[in-house]
Every structure is written in structure tokens, then in C-alpha cells.
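For my numbering, count along the sequence shown from 1 and bump the result up by 74. Backbone N, C-alpha and C define an ideal beta-carbon position, used for all residues, glycine too.
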Amino acid sequence: MTSEITLFVNPAAGRGRGARAAQPAAAALRDAGYAVRTVVGNDADDALVRARTAVEGGTGALIAVGGDGMASLALQAVAGTDVPLGVVAVGTGNDFARATGLPVRDPAEAGRVIAEALKAGHGTSVDLGRVGPAGGSEDSGGSGGDGRWFGSVLASGFDSRVNDRGNRLKWPTGRFRYDLAILVELAALRPIPYRITLDDGEPQEIEATLVAVGNGPSYGGGMRICTDARMDDGLFDITVVGECSRTTLLRVFPRVYKGTHLSHPAVTVHRARKVTLEADGLTGYADGEPVGPLPLTAESVPGVARVLTPGPR
């Protein structure tokens, strides 16, 4: 493995923490003897092109510095290759880093963990989801050649409508924008007719508030919507929140942070290698990023990426 590694930086992550975090992370890696090259794109598309160029050029590792969006972008470059992924998590959510046992909002420690993993040659092979328009080619696992990799959760329903509305609002700013979006969507809450197909089974027609497809357990900064999802079993945990009132949703919602919502009678969980979600007027969000309108098909792909994680202590 080459001693040159690539820092993949989102300077805007965490209100500027991304740019600040790159320096202590790079210092820890250089202290460990690695040559560090930094890649910053003009936008997401340009950044991904640069990251893929680094991977194809044989970089020793791709280190994403930022939040879940940056980690997800890095996954698009390393999935299916021999190049390991490191994550310096300094964003708002950091769900992927938490799920893989990496330090959060401690860039110097994250840099040390990554350096130790590289020197020891260890890391964790993880499954990823691949999602794309339903009816894609068999060669791409049913999710189409232009499918997107995701590490945490594919969201649809109430939560994706909140994201849609929050992204449209120009005021207020920051998290308050999404708080307002939640209130507006609660006022408009209604059951969504879904058509769900698990693996090669028959389609099921249900009414649901949301459906979340978990490669990992959490999204939105620690909401454990798919509590028991594992990244090494080749299966999704698919959490279905059925039809419920505003009062019930507000009562159950706080339980998501501890993962105790799964015992509520409105919640069911399925496990499957592949799932197709169909519903009118819904956008799917993978790792917090918009994928496109339903219908979408997602498939779990085992061990397709290697993450540089802490070794045994």
C-alpha cells in the first residue's frame, strides 16, 4: 500500500468544522509517516470526480472529512475497490461514523485511529446498500446502473417529506428550518399507500407513515430507526411505521433515539436482501441525500467496502 493517502474535505461541514478538522487530522496522519494530499471539490459532482481519480490512481486510503453527506460521497468512490475508507466525522449527524465505532467530533483522535488501522492493516468490511430506480438491470442488483451506494438508512415517507419541505424553505436557517418543516408536515399528516416487495416475494399493499430501509441503525443524528440493523449480515432491517395519529407519532418519536419504538404496535420490522418501495409523490433519501422519486429498489451488497476502524484495545 502506498504511503500517500487522500483527505477528502467538505469545508462547509458542521458550520465550518470540516475545514478546521482537516488540519489536526492531517497532522496526526503525517506524524504517523503518511504523505497527505487534500482534495476539495467545487461542488459535490466535482468532488466525487476528484475522489474517484484519487482512488483510481492508487491512493493508500480515502479519508472523508465532514458529515454523513461527505462519508456517503466517499462511499461512491471506494465501494467495490481495494481502497479503504477513513472518516473524520465533524458533521451534524455522523451516523455512519457512530455505527462503525469511529470517533465523533475529535479530528485528531480520528486521524490517530485511521493511522493505526493503516499501519496494522486492519479495518472492517461492511455491507452497503445500492439504490436506484425500480426495474433496473439484473447486473446492478435490480437497482440500475446509476444506483447510489448508502451506508446508513434509505428513508421514505413522513421523514422524507420533512426533508423535501426543509430543503424548499429559505427561512429560518439551520436546524430550525427542519423543526418548522416537521410542524408543517405534522399538520398535513396522512397515511401513505405503499406497495412493498421484499426479495422475490409478492408485493404487499399497506398504509404507512414511513418506511426506512436500514443498512445501519440510525439516521438524523442518532435516531435509531432501524435499531438492530447490522453492517455485516447481508440484510436490511426495514422499519415500517404504520398508520398513526399526530398524537401517537409525537408520543413515539422520542423513543426513536433509544430504539425502543420497535415495541410499539404501529411499528413492524422486516429483514430482506432486496426491497422495492412504491408510492406516489415521495422522494427517497439515502444517508440524508436525495436519491429520486419512488419507486426505488435497494439491495444489500455484502462486504463491498472496508472502513478503517479502531482495533482491539
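Asn289 and Gly225 closer than 9 Å at C-beta: For the purposes of this step, residue 289 is taken as the residue at position 215 of the sequence shown. For the purposes of this step, residue 225 is taken as the residue at position 151 of the sequence shown. Cβ atoms of Asn289 and Gly225: closer than 9 Å.
Residues that Arg320 bridges to, as DSSP identifies them: The residue you call residue 320 lines up with position 246 of the sequence shown. According to DSSP, which records beta bridges pairwise, Arg320 is partnered with nothing at all.
Proximal residues to Glu259 (C-beta, below 8 Å), its chain only, five neighbours per side dropped: For the purposes of this step, residue 259 is taken as the residue at position 185 of the sequence shown. Excluding residues within five positions, the ones whose Cβ falls inside 8 Å are Phe232, Arg235, Val236, Arg239.
Residues near Gly294 in its chain [Cβ-Cβ closer than 8 Å; skip 5 each side]: Counting from one through the sequence shown, the residue named residue 294 turns up at place 220. Here the set comprises Gly167, Asp169, Asp233, Gly362.
The segment 347-367 in contact with the segment 300-315 per 3-pair CB rule at 8 Å: yes
Best match in Gly134, Val314, Val381 for proximity to Leu336 [C-alpha to C-alpha]: As a first step, residue 336 is located in the sequence shown; it is residue number 262 there, counting from the start. Closest by alpha carbon: Val314.
Contact under 9 Å by Cβ, Arg242 with Ala353: Start at 1 with the first residue of the sequence shown, and residue 242 comes out as number 168. Start at 1 with the first residue of the sequence shown, and residue 353 comes out as number 279. It is not a contact, given that the beta carbons lie outside the stated cut-off.
For Gly366, the residue or residues it bridges with in DSSP: As a position in the sequence shown, residue 366 is number 292, starting the count at 1. Beta-bridge pairing links Gly366 to Gly358.
Ser217, buried or exposed, once every other Cβ within 10 Å from all chains shown has been counted against 16: The residue you call residue 217 lines up with position 143 of the sequence shown. In this prediction, Ser217 has a pLDDT of 40, which is less than 50 and means its spatial position is unreliable; what the coordinates show is noted afterwards. Under this definition Ser217 is a buried residue.
Proximity below 9 Å, CB of Gly160 to CB of Ala125: The residue you call residue 160 lines up with position 86 of the sequence shown. The residue you call residue 125 lines up with position 51 of the sequence shown. No; because the gap between Cβ atoms is not below 9 Å, this pair is not in contact.
Boundaries (first-last residue) of the alpha helix (DSSP H) holding Leu336: Position 262 of the sequence shown, counted from the start, is the residue given in the question as residue 336. Per DSSP, Leu336 belongs to no alpha helix (DSSP H) and is neither H nor E.
Per-residue burial, Glu373 [other beta carbons within 10 Å of its own, 16 or more giving buried]: As a first step, residue 373 is located in the sequence shown; it is residue number 299 there, counting from the start. Glu373 comes out buried.
Where the beta strand (DSSP E) through Leu207 begins and ends: The sequence position of residue 207 within the sequence shown is 133, counting from 1. As written in the sequence, residue 207 is Pro, which differs from the Leu given in the question. That run of the beta strand (DSSP E) goes 198-207.
Close-in-space but distant-in-sequence residues of the same chain around Ser214 (CB under 8 Å, 5 per side omitted): Numbered from its first residue, the sequence shown carries residue 214 at position 140. Because Ser214 sits at a pLDDT of 41, beneath the cut-off of 50, its placement in the model cannot be relied upon, and the following sentence gives the value as read from the coordinates. Contacts found: Arg204, Gly206, Gly221.
Of the listed residues Phe250, Val123, Leu324, nearest to Gly115 (C-alpha basis): Reading the sequence shown from its first residue, position 41 is the one you call residue 115. The shortest Cα separation from Gly115 among Phe250, Val123, Leu324 belongs to Val123.
Alpha-carbon spacing of Glu279 relative to Gln97, whole angstroms: On the sequence shown, position 205 is the one that residue 279 refers to. On the sequence shown, position 23 is the one that residue 97 refers to. One C-alpha to the other measures close to 51 Å.
Val262 to Ala255 span [Cα, whole Å]: The sequence position of residue 262 within the sequence shown is 188, counting from 1. The sequence position of residue 255 within the sequence shown is 181, counting from 1. Looking at the sequence provided, one finds Ala at residue 262 rather than Val. Distance between the alpha carbons of Ala262 and Ala255: 11 Å.
Local conformation of Pro177 per DSSP, three classes: Numbered from its first residue, the sequence shown carries residue 177 at position 103. Of the three classes helix, strand and coil, the one that applies to Pro177 here is coil, per DSSP.
C-beta atoms of Ala138 and Val162 nearer than 9 Å: Counted from its first residue, the sequence shown places residue 138 at position 64. Counted from its first residue, the sequence shown places residue 162 at position 88. Cβ distance < 9 Å, so Ala138 and Val162 count as in contact.
Terminal residues of the beta strand (DSSP E) in which Phe327 lies: The residue given as residue 327 occupies position 253 in the sequence shown. From DSSP, Phe327 is part of no beta strand (DSSP E); its letter is neither H nor E.
Contacting residues, own chain, Cβ-Cβ under 7 Å from Thr322 (five flanking each side not counted): The residue given as residue 322 occupies position 248 in the sequence shown. Excluding positions up to five away in sequence, the list reads Ala340.
Integer Cβ distance of Thr155 from Val381, believed to fall under 8 Å: On the sequence shown, residue 155 is found 81 positions in, with the first residue counted as 1. On the sequence shown, residue 381 is found 307 positions in, with the first residue counted as 1. Not a contact, Cβ separation roughly 13 Å.
Inter-residue Cα distance where the pair is Ser292 and Ala182: Your numbering for residue 292 matches position 218 in the sequence shown. Your numbering for residue 182 matches position 108 in the sequence shown. The alpha-carbon atoms of Ser292 and Ala182 are separated by roughly 25 Å.
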